[in-house]
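A.B. asks: In the numbering used here, the protein residues as written are 1295 to 1653.
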Amino acid sequence: MTPGALEARLTRTLASYDARDDTGDISFALASPGRGWMWSWSTPASRRPYFIASATKLYVSAVVMQLRAEARLDLDAPAAAYLGADVMRGLHVRRGVDAGGRITVRQLLAHTSGLADYFEQRRRDGSSQMRRILEHDEAWTFDDVLRITREALTPRGAPGRPGKAFYSDTNYQLLGAIIETVTGTTWEQALTDRVLAPLGLRETWPFTTATVNLYESVATMRHGARPVHIPLAMASVRADGGLVSTASDGVVFLQAFMSGRLFPGVYLDEMQAQWNRIFFPLQYGVGLMRFALPRILSPLAPVPPMIGHSGASGAVLYYVPSLDLYVSGTVNQIARRSLSYTLMTRLVLACQHAWRRKQ
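Take a look at the structure:
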């Protein structure tokens, strides 16, 4: 298959998804710098800004690893060493035992802290923050996150249980606060100084209370067929999901992340040494996700494992090691989270097929 034929196939695939009534504005960019040549492809909307939601966590991991390399942060130190005992107190109480003080930075990164998820986990009254904002937009603060986690939620297992992980946005709210304590500036400023500015990511920016008026300039997210208007919420998620970016900028960031440009490359092996299941078919290492579809679900065309992160907005940001392929994009759909993965899988398989025929 020629490059032109591959690109035509990718364009047809994107068009079929774009025509659906359950997708928002679709934007994707792909790149492969390997094999002695550079290939890239993107949609016309690849520079349209969109909310990357929890793919923001990959940027958090990059900053944390930088601070580790500078010996300013120890992954195996208790989070309380940076945030203070009062912040961690009462966040993880089971059977009358408070384990908040012994939760480590590494456990926050790996979602092995056992902390409840303030955002999507059902509270004791049956509600959740996610459901609340879909009904009525609202703002919250870090202190609100701590209060909700302490008062309205139940921890999900002991910290550091071997082989066990529970995906919790609370973990990354705490990591954002740790970054602020260590750097002496806001999470947003630390990110800008350490990642966005050095990489020249001019189309990537934190969505904050100062930028809520720019909400309409960002691609519309949908929940089913309904457009979602939640500027106050998106300005509140911060380090657990508050970045706006583009498909093109996502590729640049991901290449830097995976190549050792942002932090020592040797850390990547450690970050991938242990994969714990969070929800099928996703696993979590230390600060990044792995998408690995079992062969039985794709017997004719095995899907290669991918590492990176996704977001509840329908955003995906993944590297395919076996193909040296970077994938960045979104379907802007909250209700059907598998949609971005099925589309990404089709794009990756098209590339895999084309490159095997080229060999």
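A virtual CB, placed ideally from N, CA and C, is assigned to each residue, including glycine.
#1: When you compare the CB positions of N1626 and S1604, do they come within less than 9 Å of one another, or not?
#2: If I measure Cβ to Cβ from R1444 and keep anything under 7 Å in the same chain, skipping five residues before and after, which residues do I get?
#3: Based on the DSSP output, what are the partners of Q1627 in its beta bridges?
#4: Among all the DSSP beta bridges, which residues are the ones paired with R1571?
#5: May I have the straight-line CA-CA distance separating D1438 from W1481, to the nearest angstrom?
#6: Ignore the nearest five residues each way along the sequence and tell me which others in W1569's own chain have a CB closer than 6 Å to its CB.
#7: For the beta strand (DSSP E) holding W1333, just list the boundary residues, first then last.
#8: Can you round the beta-carbon distance between T1307 and A1644 to whole angstroms, since I take them to be within the 8 Å contact cut?
#9: Please report the distance separating the alpha-carbon of R1631 from that of D1315.
#10: With DSSP run on the structure shown, which of helix, strand or coil describes R1388?
#11: Could you tell me how far apart the beta carbons of G1454 and T1406 are, in whole angstroms, since I believe they sit closer than 8 Å?
#12: Applying the criterion that 16 or more other CB atoms from any shown protein chain within 10 Å of the CB defines a buried residue, is N1465 buried or exposed?
#13: Skipping 5 residues on each side, what residues in its chain have a beta carbon closer than 6 Å to that of R1342?
#14: Would you call E1414 buried or exposed, if buried means 16 or more other Cβ atoms sit within 10 Å of its Cβ?
#15: Which residue's Cα is closest to the Cα of G1535: D1319, A1349 and A1302?
#16: Kindly indicate which three-state DSSP category R1640 falls into: helix, strand or coil?
#17: What do you get for L1304, buried or exposed, if any count of 16 or more other CB atoms within 10 angstroms of its CB means buried?
#18: Can you list the alpha helix (DSSP H) stretches of 4 or more residues lying completely in the region 1416-1501, in chain order?
#19: Within this structure, are the beta carbons of Q1646 and A1586 separated by less than 9 Å?
#20: Of the residues D1543, R1520, Y1509 and S1539, which one's Cα is nearest the Cα of A1527?
#21: Is the CB-CB distance between L1591 and P1615 below 9 Å?
#22: So, are the CB atoms of R1532 and F1436 less than 9 Å apart?
#23: I need the DSSP call for D1584, collapsed to helix, strand or coil.
#24: Over what stretch of residues does the beta strand (DSSP E) that includes G1602 continue unbroken?
#25: Could you check what DSSP says for S1607 in three-state terms: helix, strand or coil?
#26: Could you spell out the range, first to last residue, of the beta strand (DSSP E) harbouring S1530?
#27: Leaving aside the five residues before and after A1374 along the sequence, list all residues of the same chain whose C-beta is less than 6 Å from its C-beta, in chain order.
#28: Quickly, what does DSSP pair L1324 with across the bridge? List them, please.
#29: Tell me where the alpha helix (DSSP H) around L1594 begins and ends.
#30: I need the DSSP call for L1505, collapsed to helix, strand or coil.
#31: Would V1597 and L1617 qualify as a contact pair, given that the criterion is a beta-carbon distance under 9 Å?
#32: If S1622 and L1611 are in contact, beta carbons under 8 Å, what's the gap, nearest whole angstrom?
#33: Output the distance between the C-alpha atoms of P1497 and V1546, rounded to the nearest integer angstrom.
#34: How long is the line joining the alpha carbons of G1330 and V1560, rounded to whole angstroms?
#35: If I measure Cβ to Cβ from L1300 and keep anything under 6 Å in the same chain, skipping five residues before and after, which residues do I get?
#36: Grab me the residues of M1600's own chain with a C-beta within less than 6 Å of its C-beta, minus the 5 sequence neighbours each way, in chain order.
C.D. replies: According to the data block:
#1: Not closer than 9 Å, so no.
#2: Taking R1444 as the centre and dropping the five residues before and after it, the same chain places the C-beta of G1384 and L1385 closer than 7 Å to its C-beta, in chain order.
#3: R1516, per the DSSP bridge assignment.
#4: Q1577, per the DSSP bridge assignment.
#5: So the alpha carbons of these two residues sit roughly 17 Å apart.
#6: Closer than 6 Å at the Cβ level, and outside the excluded window around W1569, lie Q1577, G1579 and R1584.
#7: Segment W1333 to S1336, the beta strand (DSSP E) holding W1333.
#8: The C-beta distance from T1307 to A1644 rounds to 7 Å, short enough to meet the 8 Å contact threshold.
#9: Going from the Cα of R1631 to the Cα of D1315 covers about 15 Å.
#10: When secondary structure is reduced to three states using DSSP, R1388 falls in the strand class.
#11: By a beta-carbon distance limit of 8 Å, G1454 contacts T1406. Their separation comes to about 6 Å.
#12: With 16 or more Cβ atoms within 10 Å of its Cβ, N1465 is classed as buried.
#13: Excluding sequence neighbours, R1342 sits near S1321 and A1513.
#14: Result: exposed.
#15: Selected option, being the one with the closest Cα: A1349.
#16: DSSP places R1640 in helix when its eight states are reduced to three.
#17: Buried, since its Cβ has 16 or more Cβ neighbours within 10 Å.
#18: The region 1416-1501 contains these whole alpha helix (DSSP H) runs: 1423-1429, 1436-1445, 1463-1477 and 1481-1485.
#19: With contacts defined as CB atoms closer than 9 Å, Q1646 and A1586 fail to qualify as a contacting pair.
#20: Minimum Cα-Cα distance from A1527 among the listed residues D1543, R1520, Y1509 and S1539 corresponds to Y1509.
#21: No, the Cβ-Cβ distance between L1591 and P1615 is not below 9 Å.
#22: Yes. Within cutoff.
#23: One point to set straight first is that residue 1584 is Arg, not Asp, in the sequence displayed. In the structure shown, R1584 adopts extended strand secondary structure according to DSSP, grouped into three states.
#24: Taken as a continuous stretch (DSSP letters only), the beta strand (DSSP E) holding G1602 covers M1600 to S1604.
#25: Three-state DSSP puts S1607 in coil, outside helix and strand.
#26: Neither: S1530 is in no beta strand (DSSP E) and is coded neither H nor E.
#27: Only M1382 and G1395 meet the Cβ criterion.
#28: Bridge partners of L1324: W1335 and V1621.
#29: Per DSSP, L1594 is not a residue of any alpha helix (DSSP H), being assigned neither H nor E.
#30: Checking the sequence shown, residue 1505 turns out to be Thr, not Leu. For T1505, the three-state secondary structure derived from DSSP is coil.
#31: Their beta carbons are not under 9 Å apart, which means V1597 does not touch L1617 by this criterion.
#32: Confirmed, about 5 Å.
#33: At residue 1497 the sequence reads Glu, which differs from the Pro that was named. Each residue's Cα considered, the two are about 11 Å apart.
#34: Residue placement at G1330 is flagged as unreliable, the pLDDT there being 48, under the threshold of 50; the coordinate-derived value follows with that caveat. G1330 and V1560: Cα-Cα distance of roughly 24 Å.
#35: Cβ within range, chain order: A1648.
#36: Excluding positions up to five away in sequence, the list reads F1585, Y1612 and V1614.
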